[in-house]
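Below is one structure; the comments refer to it alone.
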Amino acid sequence: MRTSNTDTVRDHAAECELLRNLLTVNEVAQRLSLAPKTVRQLCLSRRLSAIRLQRTWRIPSAALEQFLRERLITTV
345 MRTSNTDTVR
355 DHAAECELLR
365 NLLTVNEVAQ
375 RLSLAPKTVR
385 QLCLSRRLSA
395 IRLQRTWRIP
405 SAALEQFLRE
415 RLITTV
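According to my numbering, the sequence shown holds residues 345 to 420 in order.
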């Protein structure tokens with residue numbers, strides 16, 4: 345199956361968007377008022393979806409939003 349130029353450009357744009365939306369452990373820790381060690385533990389336990397790049401973690405902003413949405417307590 346041959347992919348068109350448009351598909352290739354679209355895929356590349358999606359990859360670039362993902363890379364722009366990666367947060368560091370320190371950025372997530374600041375946003376959540378947590379220690380960086382706690383964020384790393386969340387990543388290691390897979391409670392927070394993250395990408396391991398060599399010795400560092402990167403958290404997609406969409407994964408952080410999902411993590412928070414799942415833990416949101418609504419009042420009735």
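Beta carbons are placed, not taken as given, at the ideal position from N, Cα and C, and that holds for glycine.
CB contact flag (residue i, residue j, <7 Å)
i	j	result
leucine 376	serine 405	no
Alpha-carbon spacing of residue i relative to residue j, whole angstroms
i	j	result
asparagine 365	arginine 390	19 Å
glutamate 371	arginine 399	16 Å
tryptophan 401	threonine 382	12 Å
valine 369	isoleucine 417	24 Å
isoleucine 395	glutamine 385	13 Å
arginine 413	alanine 407	10 Å
cysteine 387	alanine 373	12 Å
phenylalanine 411	leucine 378	14 Å
Residue i burial status per 10 Å Cβ neighbour count (16 or more: buried)
i	result
leucine 392	buried
isoleucine 403	buried
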